[in-house]
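Q: Residue numbers (my numbering), protein chains in the order written: chain A, 1 to 528; chain B, 529 to 635. Yeah, the Cβ is synthetic: ideal placement off N, Cα and C, and Gly gets one too.
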């Protein structure tokens, strides 16, 4: 796309503003003892409802979301809309278990989800499994935020294929991430929390402007969906029967929404946002207000349909350019600048939170746990800060050297893997039954192994592995999201293993009371 | 603990925060509290479950009409479920936790 001076100036001014905010944030709500890990990593756990709102909004509505969801609608139609029921599931589940988790975290000083699992089960292998799963799931997510930023820079006409050599091509991205790493290092979670205010405000403005302005230009939603239906009907992937605008495979759609919804709050960056809040009340209020934000997400998703109707031809045939190009075509130059700045900030905010979350997992749950000598709080914080920079460098190297497809593959696997930690977290939080350490560990490993194997078996259009995230499991006849079939397997193992452990224990040491093994809850219980 | 609804909170009354038993003992401790307001709890649970079940019942809403300002049923129904979720969790919050404070729980 061509370079526009007005668009670029507005973009640059807004990005400079948040850069200054990122550095100033270290002085915002500063605590007395800055050496403690939860000062840097969780902003001192003092965030009230409003800050928690923008911080969790920053986690959920990332650049990858803002670009990839409409891109999915643009290229595959209604299927991409599963992000909406996914959000319904995640808030309902979050309302159920996060308040209890956050009050425990405050009382016992948990910084990561592993801290909880470690405290509850006192099992090093299980804790390590949770830590590694969290790290592996976060890294590709972080890399995809970079991909989102790359798309924005490309749409602005700076960097990308426009420049000749690799250095000029990647310079804007290197610059943006260097600055991000610097202020995350110095300000910790306070930087993304403060920037998230600006990001949220800009996203609101842009989305509301887009859903009023673009339909008027395109002749209303009636003609938008008419045109989009015609465009979708031409695609080879669309079923030939019924309205192409609402064609989805119900079992795939449902399990994707359910599985990704249940997985969301197991991601380290989501947990970081939750643990930084002031307490259970703040989290509950957020879980009851944030669903309203989903309407905005639905409108963002509809931008993909509008891009279809406007007959956008995305650059290099890459559907991720559909929305940036739609906005550039429809909006006046200055508003396009605001929109691009909003998407760029939506990459920077979650990238910072993800890097902090990964840093905490490494410093607290690997470095401190496995260090021979006692680790001071100051040293723990320093390790966290350094790792936060290293993971950003790693993600950058990943994006610059490997195909973006590799990041998407890993993110797909990460989603399958992270969901396998659900039984450990939910059962550990709410019950003493079905919580044999061995059974939970075996279930997790089996779920991860099966999920990886099943995902490997899905052929892509070019015949390679990891072609998608849905397959028909051996116990069902319709295709489902692999994470869900792996979770079913995981839960069956956890239930059976825990019951066996219980029976084994009671026969070995016959206890006068509770001789009968508990009936237990059905395996699907944790999936609720 | 000042609230009446310790069943969803971490600490049961009378147990020192640092004891390992606080995790183990809580399933027993929370039962009397749960029994104290069974109706409110049941209503809240049902309220939260309704939008979740409806938004996962794909065959129910997989159709074009009736459209809302030109948006097919499939799309606006799911967005309406998001609003219903906010109403449901908001009502559950009012029914069960309205008097809570962050400090009481974080103490």
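If contact is defined by three or more beta carbon pairs under 8 Å, each pair taking one atom from either stretch, is the region 616–625 of chain B in contact with the region 311–327 of chain A?
A: The answer is no - the region 616–625 of chain B does not touch the region 311–327 of chain A, with fewer than three Cβ pairs under 8 Å.
Q: Within the same chain, show all residues whose beta-carbon is closer than 6 Å to that of residue 143(A), passing over the 5 residues directly before and after it, in chain order.
A: Counting from one through the first chain, the residue named residue 143(A) turns up at place 143. Hits under 6 Å: 395, 398, 399 and 407.
Q: Since residue 591(B) meets chain A, which of its residues come closer than 7 Å, beta carbon to beta carbon?
A: The residue given as residue 591(B) occupies position 63 in the second chain. For the C-beta of residue 591(B), the chain A residues within less than 7 Å are, from N- to C-terminus, 246.
Q: Does the Cβ-Cβ distance between residue 607(B) and residue 67(A) come in under 8 Å?
A: Reading the second chain from its first residue, position 79 is the one you call residue 607(B). Reading the first chain from its first residue, position 67 is the one you call residue 67(A). Contact: no.
Q: Does the CB of residue 243(A) have a neighbour CB from chain B at under 8 Å?
A: Taking the first residue of the first chain as 1, we reach residue 243(A) at position 243. It does: the Cβ of residue 243(A) has a partner Cβ on chain B nearer than 8 Å.
Q: Do you know offhand how far residue 218(A)'s Cα is from residue 235(A)'s?
A: As a working mapping, residue 218(A) is identified with position 218 in the first chain. As a working mapping, residue 235(A) is identified with position 235 in the first chain. Distance between the alpha carbons of residue 218(A) and residue 235(A): 22 Å.
Q: What are the start and end residues of each continuous alpha helix (DSSP H) run of 4 or more residues lying completely inside the region 317–347 of chain A, in chain order?
A: 322–330
Q: Can you pull the chain A residues whose beta carbon is under 8 Å from the beta carbon of residue 600(B), in chain order?
A: Counting from 1 along the second chain, the entry for residue 600(B) is found at position 72. Here the neighbours are 225, 243, 245 and 246.
Q: For residue 267(A), count neighbouring C-beta atoms within 10 Å of its own C-beta (all shown protein chains included) and say buried if the count is 16 or more, exposed if not.
A: Mapped onto the first chain, residue 267(A) falls at position 267. When all chains shown are included, residue 267(A) counts as buried.
Q: Bridge partners of residue 599(B), per DSSP?
A: Position 71 of the second chain, counted from the start, is the residue given in the question as residue 599(B). DSSP, once it has assigned bridges, lists 596(B) as partnering residue 599(B).
Q: I'd like to know if residue 208(A) contacts chain B, where contact means its C-beta is closer than 8 Å to some C-beta of that chain.
A: Within the first chain, numbered from 1, the residue matching residue 208(A) stands at position 208. Taking Cβ atoms only, chain B never reaches closer than 8 Å to residue 208(A), which makes this a no.
Q: If you pair each beta-carbon of the region 429–442 of chain A with each one of the region 460–475 of chain A, do three or more pairs fall below 8 Å?
A: no
Q: Hey, is residue 579(B)'s beta-carbon within less than 8 Å of any beta-carbon in chain A?
A: Locating residue 579(B) in the second chain gives position 51, where the first residue counts as 1. Cβ-Cβ to chain A under 8 Å: yes for residue 579(B).
Q: Ends of the alpha helix (DSSP H) at residue 25(A)?
A: Here the question's residue 25(A) lines up with position 25 in the first chain. Note, residue 25(A): premise wrong, no alpha helix (DSSP H); not H, not E.
Q: Is residue 585(B) helix, strand or coil when you go by DSSP?
A: For this step, residue 585(B) is matched to residue 57 along the second chain. The answer is coil: DSSP assigns residue 585(B) none of H, G, I, E or B.
Q: Assign residue 471(A) to one of three DSSP states: helix, strand, or coil.
A: Here the question's residue 471(A) lines up with position 471 in the first chain. Look at residue 471(A) here: in three-state DSSP terms it is strand.
Q: State yes or no: is the C-beta of residue 414(A) within less than 8 Å of the C-beta of residue 387(A)?
A: In the first chain, residue 414(A) corresponds to position 414, counting from 1. In the first chain, residue 387(A) corresponds to position 387, counting from 1. Not in contact: residue 414(A) and residue 387(A) (Cβ atoms no closer than 8 Å).
Q: Does the contact criterion of 3 or more C-beta pairs under 8 Å hold for the region 332–345 of chain A versus the region 127–136 of chain A?
A: no
Q: Pull up the CB-CB distance for residue 610(B) and residue 323(A), whole angstroms please, since I reckon it's below 8 Å.
A: What you label residue 610(B) is simply residue 82 of the second chain in a count that begins at 1. What you label residue 323(A) is simply residue 323 of the first chain in a count that begins at 1. The pair is not a contact, with the Cβ atoms about 21 Å apart (cut-off 8 Å).
Q: Residues of chain B with CB closer than 7 Å to the CB of residue 170(A), please, in chain order.
A: By 1-based counting over the first chain, the position of residue 170(A) is 170. Residues of chain B passing the Cβ test: none, with the nearest at roughly 38 Å.
Q: Mind checking who residue 277(A) pairs with in its DSSP beta bridge?
A: In the first chain, residue 277(A) corresponds to position 277, counting from 1. DSSP lists 47(A) as partners of residue 277(A).
Q: What does residue 646(B) reach in chain A if we use C-beta pairs closer than 8 Å?
A: Residue 646(B) lies beyond the stretch modelled for chain B, which goes from 529 to 635, so this question has no answer here.
Q: Have a look at 249(A), 326(A), 36(A) and 301(A) and flag the residue whose alpha-carbon is nearest the alpha-carbon of residue 604(B).
A: For the purposes of this step, residue 604(B) is taken as residue 76 along the second chain, with counting starting at 1. For the residues 249(A), 326(A), 36(A) and 301(A), the minimum Cα distance to residue 604(B) belongs to 301(A).
Q: Quick check: is the beta carbon of residue 302(A) nearer than 8 Å to any beta carbon in chain B?
A: Within the first chain, numbered from 1, the residue matching residue 302(A) stands at position 302. Answer yes: the Cβ-Cβ gap between residue 302(A) and chain B drops below 8 Å somewhere.
Q: Check residue 442(A) in the structure and name its three-state DSSP category.
A: By 1-based counting over the first chain, the position of residue 442(A) is 442. Helix at residue 442(A).
Q: When the Cα atoms are used, what is the spatial distance from residue 409(A) to residue 371(A)?
A: Taking the first chain and counting its residues from 1, one reaches residue 409(A) at position 409. Taking the first chain and counting its residues from 1, one reaches residue 371(A) at position 371. Rounded to whole angstroms, residue 409(A) to residue 371(A) spans 33 Å at the Cα level.
Q: Assign residue 562(B) to one of three DSSP states: helix, strand, or coil.
A: In the second chain, residue 562(B) corresponds to position 34, counting from 1. Bear in mind that the predicted position of residue 562(B) carries a pLDDT of just 43, short of 50, making it unreliable; the figure below should be weighed with that in mind. Reduced to three states, the DSSP call for residue 562(B) is helix.
Q: Report the residue ranges of all beta strand (DSSP E) runs contained in full by the region 135–176 of chain A; include only those spanning at least 3 residues, in chain order.
A: none
Q: Counting only beta-carbon atoms, is residue 418(A) nearer than 8 Å to chain B?
A: Translated into positions along the first chain, residue 418(A) becomes position 418. It does not: the Cβ of residue 418(A) has no partner Cβ on chain B nearer than 8 Å.
Q: Rounded to whole angstroms, what is the Cα-Cα separation between residue 226(A) and residue 316(A)?
A: Here residue 226(A) refers to the residue found at position 226 of the first chain. Here residue 316(A) refers to the residue found at position 316 of the first chain. So the two alpha carbons sit approximately 26 Å from each other.
Q: Mapping DSSP to helix, strand and coil, what is residue 480(A)?
A: Here residue 480(A) is taken as the residue at index 480 of the first chain, counted from 1. Correct three-state label for residue 480(A): strand.
Q: So, is residue 208(A) buried or exposed, given that buried needs 16 or more other C-beta atoms within 10 angstroms?
A: For the purposes of this step, residue 208(A) is taken as residue 208 along the first chain, with counting starting at 1. Per the 10 Å Cβ criterion, exposed.
Q: Roughly how many angstroms lie between the CA atoms of residue 105(A) and residue 364(A), to the nearest whole one?
A: As a position in the first chain, residue 105(A) is number 105, starting the count at 1. As a position in the first chain, residue 364(A) is number 364, starting the count at 1. Computed Cα separation, rounded: 14 Å.
Q: Of all the CB atoms in chain B, is at least one closer than 8 Å to the CB of residue 529(A)?
A: A query on residue 529(A) cannot be resolved here, the shown segment of chain A reaching from 1 to 528 and no further.
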